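Since the structure comes first, as structure tokens, the remarks are kept for the end.
There are 2 protein chains.
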Amino acid sequence: MKIIVDTMGGDRGPIEIIKGALDAIDEYGIDVILVGDQILLESELKKTSYPKDKVEIIDAKDVITNEDDPSMAIRRKKDSSMIVGAKALVEGLGDGFISTGNTGALLATGIFVVKRIEGIDRAALSVLYPTLKGFSLLLDAGANVDCKPEYLYQFALMGSIYMENVMNIKSPTIGLLNIGVEKGKGNQLAKDTYEILEKSDLNFIGNIEGRELPSGAADIIVADGFAGNIALKLTEGMAISIFSILKDELTKNVKSKLGALLLGPGLRSIKNKMDYREYGGAPLLGTNKPIVKAHGSSDALAIKNGINQLKKFIDGDVINIIKNNIS
Amino acid sequence: MKIIVDTMGGDRGPIEIIKGALDAIDEYGIDVILVGDQILLESELKKTSYPKDKVEIIDAKDVITNEDDPSMAIRRKKDSSMIVGAKALVEGLGDGFISTGNTGALLATGIFVVKRIEGIDRAALSVLYPTLKGFSLLLDAGANVDCKPEYLYQFALMGSIYMENVMNIKSPTIGLLNIGVEKGKGNQLAKDTYEILEKSDLNFIGNIEGRELPSGAADIIVADGFAGNIALKLTEGMAISIFSILKDELTKNVKSKLGALLLGPGLRSIKNKMDYREYGGAPLLGTNKPIVKAHGSSDALAIKNGINQLKKFIDGDVINIIKNNIS
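Chain order of the listed sequences is Z and B.
Residue numbers for the first sequence follow the working numbering, beginning at 34 and rising by one.
Residue numbers for the second sequence follow the working numbering, beginning at 34 and rising by one.
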């Protein structure tokens, strides 16, 4: 298996990404294609004892930044590592593509370069959302801000296939993010989506309120990209805020500092539980080839885990199963 | 000042509500009208040494429960404490109305019994959302699931008037809940609302992402009721989840229990900071008279604080100021 890695566009620069990719070679027995500035990549690789037969480089001089407008960027920055990497994916030089770059641009690249699976109306960004029970797959996490009920049905179908074949959850439960548990609650989109999901063969268990999201009420949470993105980022914001208050309290005085010392390992284990880096990247579901979006601030560990996620995405044959289920 | 209190429909029954109302008489120097089953109310009051000249009772035999369909309930349950209380408000028997009952029914009661302010398209449920800095006013928190940009503009206007005149925040900042900070981000509703807010005289500071909500990025957060409700409930769910994990860690072994003991006061102060009961109720903005929705599970403290919120709502002359600004 060969993974194409976009080494540019991450918040931490290419070194962490290269490091994560090399770690993944060791740990998962894969090959990688590093896409980026060849001179920089070669000079970085020289500093390490990397397995030369498992690493290729594809040169790409340009980079799509977070400040770039996605649709503009994919038209104008043809030599960017993101577009060059995606083209290599289309040409079959590798089996999957991972990037930490501009989310909107990666979505646009997925749709316009790699292209959607025939019959899929919209590709969705799906995120492994940490819960009390483990995680839920939340989709769409922000790719499609204005949705139709049919899109949400397809998100549920693709999420279901992903959770079954990649995460090994048999007949995963599907919940619809909504403002009340009863049928008939919510905006028009939620009401119409409920009707479709209820009649489908999917394991739909009804509406899930915001309150139940962190407890892990369903294996898959389906939402439009607007509500889904707000929920995802708010979860991150809440975790940051609560730990920030906690830190203030823990360092307030000698007594609390001693308490913090005693609690240290426990608190760290909570923080790890909520750490997105442990869960790797966000698979883009609905494109013709496997693409994973890693967090912009990913370090080597997050990249390595993201590559593992992508490997399981490929191993699970998700895209062919989606194709068979949509036609 | 006389406050009309719906004593029925709360999760804890009327006794806590009566207690909260009596506490409010002492603390804020107001009179109250208790609406509910007269026999029950009188028998409960007899058990206390309440100030007889400051308490009236209006008999209402029926109750709207959380299981009732709101629109059905307000048509069929004319003798319910909620409808009877709202009618007393319309007749001018009291200055404001507070209820812990069915949120949807209270909204419907506000709109169809108390009626909207002329020129206001939709009434919004606004919630004081606890943040690192204090609180933001989040509206709409769930009254209007399908919105137009004009509604959101009116929410911003009403919220601004409320925060200025009730919470004494001069020229409060307004943020639009969205999935990105830049102009042009979000769904069609968010994009169109941005345009209107940007051109308005309000102190609009731009889009606020979910991540920034808990840090208190704006005094007022404007959202459609679908996204707003999901954000509000998710915040509650995250707090519950994190404290539940924390509790598990704190009681894991002797060492952690000792740590927890040392940290006790600090942890309690965090919990209090995030306790909705400290902030009283949620004002319904856009109706002709002041109405406050208290949380269904409100205890006496929450009711007392809710009445204080309602008192400030009345003192702030919010409704007349909205009338002057909308015409």
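Backbone N, C-alpha and C define an ideal beta-carbon position, used for all residues, glycine too.
These numbers were taken from a predicted model, which means no experiment stands behind them.
- In the three-state scheme derived from DSSP, where H, G and I count as helix and E and B as strand, B/Leu-235 is classed as coil.
- Under the DSSP definition of a beta bridge, Z/Ile-66 partners with Z/Ile-37 and Z/Glu-89.
- A distance below 8 Å between beta-carbons, with the five flanking residues on each side excluded, links Z/Ser-289 to the following residues of its chain, in chain order: Glu-282 and Leu-283.
- Contact annotation for B/Lys-266 against chain Z: Ile-212, Glu-242, Gly-243, Arg-244, Glu-245 and Leu-246 [CB-CB distance below 9 Å, chain order].
- Ranked by Cα distance from Z/Asp-86, the options Z/Leu-210, Z/Ile-63 and Z/Thr-98 are led by Z/Ile-63.
- Each of B/Ile-116, B/Arg-155, B/Phe-130 and B/Lys-120 was checked against the Cα of B/Ile-37, and the nearest Cα belongs to B/Phe-130.
- Comparing alpha carbon positions, the residue from B/Thr-133, B/Ala-138 and B/Tyr-83 closest to B/Arg-109 is B/Ala-138.
- Residue-level contact by beta carbon fails for Z/Gly-339 and chain B, as no gap is shorter than 9 Å.
- CA-to-CA, the gap between Z/Leu-246 and Z/Ser-277 works out to about 22 Å.
- Annotated three-state conformation of Z/Lys-326 is strand, per DSSP.
- Judged by beta-carbon spacing, B/Met-271 lies beyond the 9 Å limit of Z/Ala-256, meaning their Cβ atoms are not closer than that value.
- Closest in C-alpha terms to B/Gly-42, from the list B/Ile-66, B/Asp-234, B/Asp-101 and B/Ile-324, comes B/Asp-101.
- Spanning the alpha carbons of Z/Thr-81 and Z/Leu-55 requires a straight line of approximately 9 Å.
- Rounded to whole angstroms, the gap between the alpha carbons of Z/Asn-198 and B/Gly-239 is 42 Å.
- In this structure, DSSP gives B/Glu-269 a helical state, which the three-state scheme calls helix.
- Listed along chain Z is no residue with a C-beta nearer than 7 Å to that of B/Glu-228; the closest approach is about 16 Å.
- Within its own chain, the residues whose Cβ lies closer than 8 Å to the Cβ of Z/Ile-354, once the five positions on either side in sequence are excluded, are Ile-194 and Asn-198, listed in chain order.
- A distance of 9 Å or more separates the beta carbons of Z/Pro-316 and Z/Leu-279.
- Counting C-beta pairs closer than 8 Å gives fewer than three between the segment 90-100 of chain B and the segment 320-336 of chain Z, which falls short of the contact rule.
- In this structure, the beta-carbon distance from Z/Ile-359 to Z/Leu-190 falls below 9 Å.
- CA-to-CA, the gap between Z/Ile-212 and B/Leu-122 works out to about 29 Å.
- Per DSSP, reduced to three states, the secondary structure at Z/Asp-56 is helical.
- Per DSSP, reduced to three states, the secondary structure at Z/Asp-281 is helical.
- Within the model, the alpha-carbon separation for B/Leu-161 versus Z/Asn-177 is close to 30 Å.
- At least one beta carbon of chain B lies nearer than 9 Å to the beta carbon of Z/Val-178.
- For Z/Lys-288, the chain B residues whose C-beta falls within less than 7 Å of its own C-beta are Leu-295, listed in chain order.
- A direct Cα-to-Cα measurement between B/Gly-134 and B/Ser-114 gives close to 9 Å.
- When DSSP states are grouped into helix, strand and coil, B/Ala-138 belongs to the helix group.
- Going by C-alpha positions, Z/Tyr-227 is about 10 Å away from Z/Leu-210.
- Closest by C-alpha distance to B/Glu-151, out of B/Thr-320, B/Gly-349 and B/Ile-340, is B/Thr-320.
- Closest in alpha carbon position to Z/Asp-234, among Z/Asn-220, Z/Ile-207 and Z/Gly-258, is Z/Ile-207.
- Under the three-state reduction of DSSP, Z/Glu-242 is assigned to strand.
- The C-beta separation of B/Ile-66 from B/Gly-127 comes to about 5 Å, placing the pair in contact by the 8 Å criterion.
- With contacts defined by Cβ atoms closer than 9 Å, B/Pro-103 and B/Leu-73 do not form a contacting pair.
- By the 16-neighbour rule on beta-carbons within 10 angstroms, B/Gln-221 is exposed.
- In this chain, B/Gly-118 is not harboured by any beta strand (DSSP E); it is covered by the alpha helix (DSSP H) spanning 114-123.
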